[in-house]
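Undergrad:
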Amino acid sequence: MTSGIRFDSVTVAYDRTVVLDALDLSVEPGEVMALLGPSGSGKTTALRAVAGFVRPVSGRVFLGDRDVTDLPPYRRGIGMVVQQYALFPHLRVEDNVAFGLRARRIARDEIRTRVGEALEMTGMAAYARRHPRELSGGQQQRVAIARALAIRPEVLLLDEPLSALDAQLRSGMLAELARLHRELPDVSILYVTHDQVEALTLADRIAVMDRARLQDCGTPQELYRVPRTEFTASFVGNANLLPVTVGDAGARFGEIDIKADTSGAAPGARATLCVRPHLVGLGEGPNRLTGTVREIQWRGPTHRLYVEVEGHRVMADLRELRNPPALGDRVTLHFAPEDAVLLAAGVRDD
Ligand code: ADP
Numbered sequence: 012m013t014s015g016i017r018f019d020s021v022t023v024a025y026d027r028t029v030v031l032d033a034l035d036l037s038v039e040p041g042e043v044m045a046l047l048g049p050s051g052s053g054k055t056t057a058l059r060a061v062a063g064f065v066r067p068v069s070g071r072v073f074l075g076d077r078d079v080t081d082l083p084p085y086r087r088g089i090g091m092v093v094q095q096y097a098l099f100p101h102l103r104v105e106d107n108v109a110f111g112l113r114a115r116r117i118a119r120d121e122i123r124t125r126v127g128e129a130l131e132m133t134g135m136a137a138y139a140r141r142h143p144r145e146l147s148g149g150q151q152q153r154v155a156i157a158r159a160l161a162i163r164p165e166v167l168l169l170d171e172p173l174s175a176l177d178a179q180l181r182s183g184m185l186a187e188l189a190r191l192h193r194e195l196p197d198v199s200i201l202y203v204t205h206d207q208v209e210a211l212t213l214a215d216r217i218a219v220m221d222r223a224r225l226q227d228c229g230t231p232q233e234l235y236r237v238p239r240t241e242f243t244a245s246f247v248g249n250a251n252l253l254p255v256t257v258g259d260a261g262a263r264f265g266e267i268d269i270k271a272d273t274s275g276a277a278p279g280a281r282a283t284l285c286v287r288p289h290l291v292g293l294g295e296g297p298n299r300l301t302g303t304v305r306e307i308q309w310r311g312p313t314h315r316l317y318v319e320v321e322g323h324r325v326m327a328d329l330r331e332l333r334n335p336p337a338l339g340d341r342v343t344l345h346f347a348p349e350d351a352v353l354l355a356a357g358v359r360d361d
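Residue numbers (my numbering): 12 to 361.
1) Measure the Cβ-Cβ separation of residue 329 and residue 301 and say whether it is below 9 Å.
2) Does the structure place the segment 143–151 close enough to the segment 110–129 that three or more beta carbon pairs sit under 8 Å?
3) How big is the Cα-Cα spacing for residue 160 and residue 112?
4) Measuring only the C-alpha atoms, how far is residue 51 from residue 243?
5) Any contact between the segment 14–23 and the segment 54–61? By contact I mean 3 or more CB pairs, one from each, below 8 Å.
6) Nearest to residue 82 by CA position, among 42, 67, 222 and 96, is which residue?
7) Rounded to a whole number of angstroms, what is the C-alpha to C-alpha distance between residue 193 and residue 246?
8) When you compare the segment 327–341 with the segment 212–231, are there three or more beta-carbon pairs, one atom per stretch, that lie closer than 8 Å?
9) Rounded to whole angstroms, what's the CA-CA distance from residue 207 to residue 235? Just pull it up for me.
10) What is the rounded straight-line gap between the Cα of residue 73 and the Cα of residue 356?
11) Report the rounded CA-to-CA distance for residue 305 versus residue 323, giving the unit in angstroms.
12) My output table needs one value for residue 226: the three-state DSSP class, helix, strand or coil.
13) Here's a check: name, in chain order, each residue in its chain whose Cβ is nearer than 8 Å to the Cβ of residue 276, leaving out the five neighbours to either side.
14) Can you list, in chain order, the stretches of the beta strand (DSSP E) that have 3 or more residues and sit fully within the segment 195–276?
15) Kindly indicate which three-state DSSP category residue 68 falls into: helix, strand or coil?
16) According to DSSP, residue 326 sits in a beta bridge with which residue or residues?
17) Here's the rule I'm using: 16 or more other beta-carbon atoms within 10 Å means buried, otherwise exposed. How should residue 171 be labelled?
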């Protein structure tokens, strides 16, 4: 049996302040969905609504076809891992992992099998007899993951599971999580993070949250190539957001004519064009932007140039720049018409 997760217009409020506003979202069976957004945007609240730790003021939560909105957490069959591991300090690793199984009154032999399996999967079999204090942060998090997997959940909720780890451990654990998901292809995973690298690496789809609302949802490639909103464009990757007026075959940015596909908007509408900084080149080309260099940052493989064009700062990430311009120089940047994306939610008729 596999089951996905469905939020049907789920609203959560604390003291009458809405912190999750009518969320509609489906996670398909076996899919990894990242909830990505800044701190306070409502991600953890959405996750806790699935787990059963917060009650929506309206809307329903489904696991597969089951409406679980009124079920207590322990009857939902969900595995959950939070940032701070939350292991029981007085219990050995194996007993921490067995905890949820004992609570479910599963037979002793079965518990031994499942604990062994879960510790094996997370690479922690050799640490079964240790106490949490005898483990590193990364190892403790593995135990927390083993504990969640031991109940063989159909749905796994991960709340910033890597954010307490240092950068190097984090990237190792990210690969581990991807491997685990390959070994458990039927488990639906909801993964809360504020880190776009984690979301882009792990997720089949990303739901972008801001200020209690779902802003955008799509595969990492879709959100990166064709973001719908300014928020997504700048939160998933970097973006130049050019305010333009739509013309008959393109757009006007200040005094500059731009060739781009603006067929999604009526001529005369004000809109936003998104151009990724790494798709902006230095020198002559289609769609020329001439302006003054205001800042240059060396970033190892690239130089980031900030160029003031028509009163806006345009970013260009340039590789192999042998003779960088100087501050105050006039330069010309360019980008291809197909690399400019008209933001659907950035079209205004005023
Ligand atoms: P995120 O996970 O995106 O950082 P949260 O879902 O944790 O955001 O929080 C969303 C908002 O709800 C925040 O403004 C937070 O302060 C508020 N909030 C979360 N939990 C509670 C609570 N138990 N009581 C009151 N306000 C809360």
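Cβ coordinates follow ideal geometry from the N, Cα and C atoms, glycine included.
From a predicted model like this one, the values you see are computed outputs, not experimental measurements.
TA: So, from the data block:
1) The residue you call residue 329 lines up with position 318 of the sequence shown. The residue you call residue 301 lines up with position 290 of the sequence shown. No, Cβ-Cβ distance for residue 329 and residue 301 is not below 9 Å.
2) No, because fewer than three Cβ pairs between the segment 110–129 and the segment 143–151 fall closer than 8 Å, the two stretches do not touch.
3) Numbered from its first residue, the sequence shown carries residue 160 at position 149. Numbered from its first residue, the sequence shown carries residue 112 at position 101. Each residue's Cα considered, the two are about 11 Å apart.
4) Taking the first residue of the sequence shown as 1, we reach residue 51 at position 40. Taking the first residue of the sequence shown as 1, we reach residue 243 at position 232. Approximately 16 Å between the Cα atoms of the pair.
5) The answer is yes - the segment 54–61 touches the segment 14–23, with three or more Cβ pairs under 8 Å.
6) For the purposes of this step, residue 82 is taken as residue 71 along the sequence shown, with counting starting at 1. The candidate whose alpha carbon is nearest that of residue 82 is 67.
7) As a first step, residue 193 must be located in the sequence shown, where it is residue number 182. As a first step, residue 246 must be located in the sequence shown, where it is residue number 235. A direct Cα-Cα distance of roughly 27 Å separates residue 193 from residue 246.
8) In short, these stretches do not touch, since the Cβ pair count stays below three.
9) On the sequence shown, position 196 is the one that residue 207 refers to. On the sequence shown, position 224 is the one that residue 235 refers to. Rounded to the nearest angstrom, the two C-alpha atoms are 11 Å apart.
10) Residue numbering aside, residue 73 sits at position 62 when the sequence shown is read from its first letter. Residue numbering aside, residue 356 sits at position 345 when the sequence shown is read from its first letter. Whole-angstrom Cα-Cα distance: 29 Å.
11) The residue labelled residue 305 in the question sits at position 294 within the sequence shown. The residue labelled residue 323 in the question sits at position 312 within the sequence shown. When the Cα atoms are used, residue 305 and residue 323 turn out to be separated by approximately 11 Å.
12) Translated into positions along the sequence shown, residue 226 becomes position 215. Note: residue 226 maps to strand in three-state DSSP.
13) Against the sequence shown, residue 276 aligns to sequence position 265. Around residue 276: 257, 282, 353 and 358.
14) Within the segment 195–276, the complete beta strand (DSSP E) runs of at least 3 residues are 199–204, 216–221, 224–229, 251–258, 261–264 and 267–269.
15) Here residue 68 corresponds to residue number 57 of the sequence shown, with the count starting at 1. Residue 68 falls in the coil class under three-state DSSP.
16) Walking along the sequence shown from the start, residue 326 turns up at place 315. Answer is 317, bridged to residue 326.
17) The residue labelled residue 171 in the question sits at position 160 within the sequence shown. It is buried - the Cβ of residue 171 has at least 16 other Cβ atoms within 10 Å.
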